[in-house]
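> Please find one structure pasted underneath; my questions will follow.
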Amino acid sequence: MPHTKRRRLVTTAVAVSLGATALTACGAGDDGKAESGPVSLTYWTWTPGMDKVVDLWNQGPGKKARITVTVKKQASGDTLITKILTAHKAKKAPDLVQAEYQALPTLVSNDALADISDQVGDVEGKFAEGVWQQTTLGTDAVYAVPQDIGPMMFYYREDLFRRYGLKVPTTWEQFAETARLLKKKAPDKDLTTFSANDSGLFAGLAQQAGAKWWATSGDRWKVGIDDDATRKVAAFWGGLVKEGVIDNQPMYTPSWNKALDTGRQIAWVSAVWAPGTLTTAAPDTKGKWAMAPLPQWSAEQDVTGSWGGSSTAVTTDSAHKEAAAEFAAWLNTDHEALNALAKEGGIYPASTSAQLSGAFSDPPAYFANQPDFYTKAADIAKTTAPSAWGPDVNVAYTSFKDAFGAAAKNKSDFAAALKKMQDDTVADMKKQGFGVAR
Amino acid sequence: MTSPTSRRPYGVKGAPYGFLLPATLLFALFFALPIGYAVWLSFRKMHVSGLGLGAGARSEVWAGAENYTAAFQDSELLNGALRVLGYGCVVVPVMLGLALLFALMLDSDRVRLAPFTRLAIFLPYAVPGVVAALLWGFLYLPDVSPFSFVLDRLGLPQPDLLDGGPLYLALSNIAVWGGTGFNMIVIYTSLRSVPAEVYEAAKLDGATPLQIALRIKIPMVAPSLVLTFFFSIIATLQVFNEPTTLKPLTNSVSTTWSPLMKVYQDAFGRNDIYSAAAEATLIAVVTLLLSFGFLRAANRRDKQEAAR
Chain S
1 MPHTKRRRLV TTAVAVSLGA TALTACGAGD DGKAESGPVS LTYWTWTPGM DKVVDLWNQG
61 PGKKARITVT VKKQASGDTL ITKILTAHKA KKAPDLVQAE YQALPTLVSN DALADISDQV
121 GDVEGKFAEG VWQQTTLGTD AVYAVPQDIG PMMFYYREDL FRRYGLKVPT TWEQFAETAR
181 LLKKKAPDKD LTTFSANDSG LFAGLAQQAG AKWWATSGDR WKVGIDDDAT RKVAAFWGGL
241 VKEGVIDNQP MYTPSWNKAL DTGRQIAWVS AVWAPGTLTT AAPDTKGKWA MAPLPQWSAE
301 QDVTGSWGGS STAVTTDSAH KEAAAEFAAW LNTDHEALNA LAKEGGIYPA STSAQLSGAF
361 SDPPAYFANQ PDFYTKAADI AKTTAPSAWG PDVNVAYTSF KDAFGAAAKN KSDFAAALKK
421 MQDDTVADMK KQGFGVAR
Chain C
1 MTSPTSRRPY GVKGAPYGFL LPATLLFALF FALPIGYAVW LSFRKMHVSG LGLGAGARSE
61 VWAGAENYTA AFQDSELLNG ALRVLGYGCV VVPVMLGLAL LFALMLDSDR VRLAPFTRLA
121 IFLPYAVPGV VAALLWGFLY LPDVSPFSFV LDRLGLPQPD LLDGGPLYLA LSNIAVWGGT
181 GFNMIVIYTS LRSVPAEVYE AAKLDGATPL QIALRIKIPM VAPSLVLTFF FSIIATLQVF
241 NEPTTLKPLT NSVSTTWSPL MKVYQDAFGR NDIYSAAAEA TLIAVVTLLL SFGFLRAANR
301 RDKQEAAR
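Residue numbers (the UniProt record's numbering), protein chains in the order written: chain S, 1 to 438; chain C, 1 to 308.
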C-alpha cells in the first residue's frame, strides 16, 4: 500500500528532525503539578461563535475545575502567527491559541508551543492518524489538539451537469475532458476557475498528488515544492488555464460569487466547509449542488488532500499549561462542545466520532438534496493524504499567490511559477540560516 | 565670589531649557526613540542554526549593512518603487490640476451655489481610504459593475480596469477622487486671501477673467501649490490602502505591489522585522530626500524671482 508507506516516510523524517525539540520542550514545560485555586486563561481564536462554546465550559466543567477561559477574537491567517510570535518574544503570549496545521512547525521552531503530551496523550485515539501526526510533528511530543479538518471534495451543479450531459469526473483526466466538453457546449460557461489567492487549495491538491514540500535529512531541511508531484499538478492547471477551458479569476470576489450564483461556473474544487461558503456566495442555487470525491490521478487511487483545518495549542508562556491542556482536550473531544462548535462556528470536527453524530447526522441545509453528505464526507476524510510542513510555509504561500497569480493572469508557464515558489522558499530559509540540503 | 544676586541671571538663562524640557522629552520618547529602535533593528537579524528547532536555535545577531544591501538588490522593492512612480505620474498632476481648476472656478464671480459645490467636491476626502477603495473596487469588477452593465447593453467593449495599464488608472482614480477636495480647499483658501485691489487693478487694465486667472491668481497661489505638491508626493510614496484593498479582487496586484506593502509583508507575513525595518528606513530616507529636494528647488526659484 503506497499510501501508508508514504505516511510512514514522512513521519520518520520529521521524527528524526524533531527529536531534539521534544527533549528541550519537555525540560521547559515542567510545571506539571496539579493546579489549585481559580485559574483564568486567555484564548486567541478566530472561530466565529467561540465565545458561546467557551461559555459552556465556563458554566460546566470549567466551573467545577475552577478554570475560566476568556476568548479574544483574532484575525485568521499569517498575521496571527506573527502576532503570537511577537507576544511570545515579550513572554506574553496567551495561554491558548488557535493555529492552522501548517503553522505548527513555525510556532514550534520559535519555541512558542508547549508539549502537552502528558495531559492530552489519551485523546489520540479520537483522531485519524494522519491528523494527529500533524500535531505531534512525528515526535513523542504533542503540540496541539486537532480541532477541525478540511478534507477536499468536488462540488458541482447537479442540474447543470445533467443539462449539458456531463459526467462527474473521477479522475483529473476526466476533469479536463469535462471542462473542454462544457466549453464546447456552452462557451460562456466555465467548469471552474484556477484561483491563486488561497495557497491552501494548491497545497491540498499537491498533497493529494503525493507531494512532500518539506522533509529533513540530518540537520538540513529539504524543500520539495518543485517536485514531480507538484509539477504534475501545476502543469495540469496551467494547461487548462492556457487552453482557456477554465477561468483564471480569483475566488472570493463579488465576481466569483456571482459566477457561482448564476451558474457561469458550475463546479468548485473545495473542502468539507464549502456549504458554508456557498450559502453566502451562491444563495440562489441552494439545493442544486452536489458533492463528490475529489478526482484522482489514477483510477485505482482513492486519496484526497486537505485544505484548511486548525488545532488548539498551549503556549510555553502559559503559567497554567495543565489547565489549558485540559480545556483544549475538552473543546475538541467533548460531544457537547463539538456540537456547539459545529453549530456556532460551522467547523467540521477532527474528532472522528463527532463526524457522524449530533450536528452531523443531517446534511447541511444547503445540501438538503444530498442526505448522505456527512457519511460521504467522513469516508472521504479517512482517505486524507499525510502532509509535511516546514518552518516557512508563510513564505511559500505568499510566493505562490504572487507567482501563480501572475501566471494565471498571463496564462503563462506554471512550471516557472512553481520554480519561483521553490527558489523563494529556499532563499528565505538560507537567508535565515536554516540548514538546507540541495 | 558669587553673591545671591549674581546667581539670578543664571537661573533666567536656564529657564528656556526648562520650558523646552517637556517637548524635548516627548519628542525623544515618542519620536526619536521608536525611530532609533527601528534603525537599530535594521542592523540586526535573526540567525537560525541547523533545522531551527528547539529553544536555543534562534538568536538575534548583528547584521551590519546586510539588510540594506539586500533591500538595494531586491528587485521587488525597486519594481514596487517604479510602479508607485508610474502611479504618482498620473495621480499628482491630475489631482493638483483638477484641484486648481476647481478652486479657480469656485473663486470666479459668476459661480452659483459655491458653498454647496465646495462641500460636494470636498466630501470624498471625508470617506476613509479603505472604504473608497472598496467602493471603487466593486465599481471596477466587470461582473458586478454598473458601468460594465451599461457598456454591455450598448454593445461596447468592457475594459478590464483591474489589469495591466488600466489598473494604474483605476488606482489613480481612487486617489484623485479622494484627494482633490482637500487640495482644492488649500488652494481656494489661499486664493481668498489675495487682496481684492489686485483684481480691481487688473480689471481696470482690461484683463479678461482668463488672464486674471493665469497671470495673477496662479502666481499668487504658487506657495500653496508647492505645499500641496509636497503633500501629494509624500502620500504617493506611502500608497498602501488602495492596492491592499483591491488585491483580493484581482491577480494583478501582488502582495508587494508598493514599497510599503513589501514592508508590511516582510514584517507581518514573513515575520522578518529586521528586513522590514531596513526597507522602512530606506523608504523614509528616499521620501525625505525627494520632498526636501523639491522644497529646496521651489525655494530657490522663489528667491531667483524675487531677485529679478
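All C-beta atoms in this analysis are idealised placements derived from N, C-alpha and C, irrespective of residue type, glycine included.
Thinking C-beta only, is S:F400 closer than 9 Å to S:S76?
Counting from one through the first sequence, the residue named residue 76 of chain S turns up at place 76. Counting from one through the first sequence, the residue named residue 400 of chain S turns up at place 400. In this structure, S:F400 does not lie closer than 9 Å to S:S76 by Cβ.
> Short check: CB of S:W237 to CB of S:I246, under 9 Å?
Walking along the first sequence from the start, residue 237 of chain S turns up at place 237. Walking along the first sequence from the start, residue 246 of chain S turns up at place 246. Cβ distance < 9 Å, so S:W237 and S:I246 count as in contact.
> Are there 16 or more other CB atoms within 10 angstroms of the CB of S:Y143, so buried, or fewer, so exposed?
Working through the first sequence from its first residue, we reach residue 143 of chain S at position 143. Burial call: buried.
> Below 7 Å on C-beta distance, what does S:G435 contact in chain C?
As a first step, residue 435 of chain S is located in the first sequence; it is residue number 435 there, counting from the start. Result: G50 and L51.
> Compile a chain-ordered list of the residues in the region 250–262 of chain C whose CB is closer than 8 Å to at least one CB of chain S.
T250, N251, S252, S254, T255 and T256
> Roughly how many angstroms separate the alpha carbons of S:P364 and S:A290, rounded to a whole number?
As a first step, residue 364 of chain S must be located in the first sequence, where it is residue number 364. As a first step, residue 290 of chain S must be located in the first sequence, where it is residue number 290. Each residue's alpha carbon lies about 11 Å from the other.
> Going by DSSP, what residue range makes up the alpha helix (DSSP H) through C:M95?
The residue labelled residue 95 of chain C in the question sits at position 95 within the second sequence. Looking at the DSSP string, the run of the alpha helix (DSSP H) that includes C:M95 is S75 to D107.
> Taking only beta carbons into account, state which residues of the region 264–294 of chain C come closer than 9 Å to chain S, listed in chain order.
Q265, A267, F268, G269, R270, N271, D272, I273 and S275
> How about S:Y374 and S:K286: do their beta carbons lie closer than 9 Å?
As a first step, residue 374 of chain S must be located in the first sequence, where it is residue number 374. As a first step, residue 286 of chain S must be located in the first sequence, where it is residue number 286. No, the Cβ-Cβ distance between S:Y374 and S:K286 is not below 9 Å.
> Helix, strand or coil for S:T170 per DSSP?
Within the first sequence, numbered from 1, the residue matching residue 170 of chain S stands at position 170. If DSSP states are grouped into helix, strand and coil, S:T170 belongs with coil.
> Please check if any C-beta of chain S sits within less than 9 Å of the C-beta of C:P34.
Translated into the one-based positions of the second sequence, residue 34 of chain C becomes position 34. Taking Cβ atoms only, chain S never reaches closer than 9 Å to C:P34, which makes this a no.
> Can you pull out the residues from the region 227–254 of chain S whose beta carbon lies closer than 8 Å to at least one beta carbon of chain C?
N248, Q249, P250, Y252, T253 and P254
> Given that a residue counts as buried once 16 or more other Cβ atoms are within 10 Å of its Cβ, and exposed if not, what is residue 309 of chain C?
With chain C covering only 1 through 308, there is no way to say anything about residue 309 of chain C.
> What three-state label does DSSP hand S:H335 in the structure shown?
As a position in the first sequence, residue 335 of chain S is number 335, starting the count at 1. Note: S:H335 maps to helix in three-state DSSP.
> Rounded to the nearest angstrom, how far is the Cβ of C:F231 from that of C:I185, given a contact under 8 Å?
For the purposes of this step, residue 231 of chain C is taken as residue 231 along the second sequence, with counting starting at 1. For the purposes of this step, residue 185 of chain C is taken as residue 185 along the second sequence, with counting starting at 1. Going by Cβ atoms, the distance from C:F231 to C:I185 rounds to 12 Å, so no, they are not a contact pair.
> Would you check if the region 221–241 of chain S and the region 125–143 of chain S touch, i.e. whether three or more CB-CB distances between them fall below 8 Å?
No, they do not touch.
> Looking at C-alpha atoms only, which residue of C:P124, C:L156 and C:L161 is the closest neighbour of C:Y140?
Residue mapping note: residue 140 of chain C aligns to position 140 of the second sequence, counting from 1. The shortest C-alpha separation from C:Y140 is found at C:L161.
> Could one say the Cβ of C:N173 lies closer than 9 Å to chain S's Cβ atoms, at least one of them?
Here residue 173 of chain C is taken as the residue at index 173 of the second sequence, counted from 1. Chain S, which has no Cβ nearer than 9 Å to the Cβ of C:N173, makes this no.
> At the level of alpha carbons, what is the spacing between S:Q74 and S:D284?
Locating residue 74 of chain S in the first sequence gives position 74, where the first residue counts as 1. Locating residue 284 of chain S in the first sequence gives position 284, where the first residue counts as 1. So the alpha carbons of these two residues sit roughly 31 Å apart.
> Going along chain S in order, which residues have a C-beta closer than 9 Å to the C-beta of C:F149?
Counting from 1 along the second sequence, the entry for residue 149 of chain C is found at position 149. Those do not exist, as C:F149 stays about 12 Å from chain S at its closest Cβ, beyond 9 Å.
> Looking only at its chain, what residues have a beta carbon closer than 6 Å to the beta carbon of C:A175, apart from the 5 residues adjacent to it on each side?
In the second sequence, the residue the question calls residue 175 of chain C occupies position 175. Around C:A175: V91.
> Compile a chain-ordered list of the residues in the region 34–60 of chain S whose CB is closer than 7 Å to at least one CB of chain C.
none
> For residue 351 of chain C, count neighbouring C-beta atoms within 10 Å of its own C-beta (all shown protein chains included) and say buried if the count is 16 or more, exposed if not.
Not covered by the structure: residue 351 of chain C. The range shown for chain C is 1 to 308.
> Taking Cβ positions only, does C:L141 come closer than 9 Å to chain S?
One-based indexing of the second sequence puts residue 141 of chain C at position 141. So, interface residue.
> Classify C:G80: buried if its beta carbon has 16 or more other beta carbons within 10 angstroms, exposed otherwise.
Your numbering for residue 80 of chain C matches position 80 in the second sequence. Flag for C:G80 reads buried.
> Going straight from the alpha carbon of S:F434 to that of S:A417, what length do you get?
Taking the first sequence and counting its residues from 1, one reaches residue 434 of chain S at position 434. Taking the first sequence and counting its residues from 1, one reaches residue 417 of chain S at position 417. So the alpha carbons of these two residues sit roughly 23 Å apart.
> With 9 Å as the limit, tell me which residues of the region 78–104 of chain S have their beta carbon closer than that to any beta carbon of chain C; keep them in chain order.
The residues in question are D78, T79, I81, T82, K83, L85 and T86.
> Any C-beta of chain C sitting closer than 9 Å to the C-beta of S:D30?
Mapped onto the first sequence, residue 30 of chain S falls at position 30. Bear in mind that the predicted position of S:D30 carries a pLDDT of just 38, short of 50, making it too unreliable to give a figure here.
> Any C-beta of chain A sitting closer than 9 Å to the C-beta of C:A196?
Of the protein chains in the structure, S and C, none is chain A.
> For S:P38 versus S:I67, is the C-beta distance shorter than 9 Å?
The count along the first sequence starts at 1 and reaches residue 38 of chain S at position 38. The count along the first sequence starts at 1 and reaches residue 67 of chain S at position 67. Yes.
> Run through chain S and tell me which residues come within less than 7 Å of C:F138, C-beta to C-beta.
The sequence position of residue 138 of chain C within the second sequence is 138, counting from 1. Near C:F138 (Cβ distances below 7 Å), the residues of chain S are P254.
> Could you tell me which chain S residues have their CB closer than 8 Å to the CB of C:P248, listed as they occur along the chain?
For the purposes of this step, residue 248 of chain C is taken as residue 248 along the second sequence, with counting starting at 1. In chain order: N197, P250, Y252 and T253.
> S:S298: buried (16+ other C-beta within 10 angstroms of its C-beta) or exposed?
Here residue 298 of chain S is taken as the residue at index 298 of the first sequence, counted from 1. With fewer than 16 Cβ atoms within 10 Å of its Cβ, S:S298 is classed as exposed.
> Does DSSP classify C:H47 as helix, strand or coil?
For the purposes of this step, residue 47 of chain C is identified with residue 47 of the second sequence, where counting begins at 1. Three-state DSSP puts C:H47 in a strand.
> So, is S:F194 buried or exposed, given that buried needs 16 or more other C-beta atoms within 10 angstroms?
The sequence position of residue 194 of chain S within the first sequence is 194, counting from 1. With 16 or more Cβ atoms within 10 Å of its Cβ, S:F194 is classed as buried.
> Have a look at C:F102 and C:L113 and give me their C-alpha separation to the nearest angstrom.
If you number the second sequence from 1, residue 102 of chain C lands on position 102. If you number the second sequence from 1, residue 113 of chain C lands on position 113. So the two alpha carbons sit approximately 13 Å from each other.
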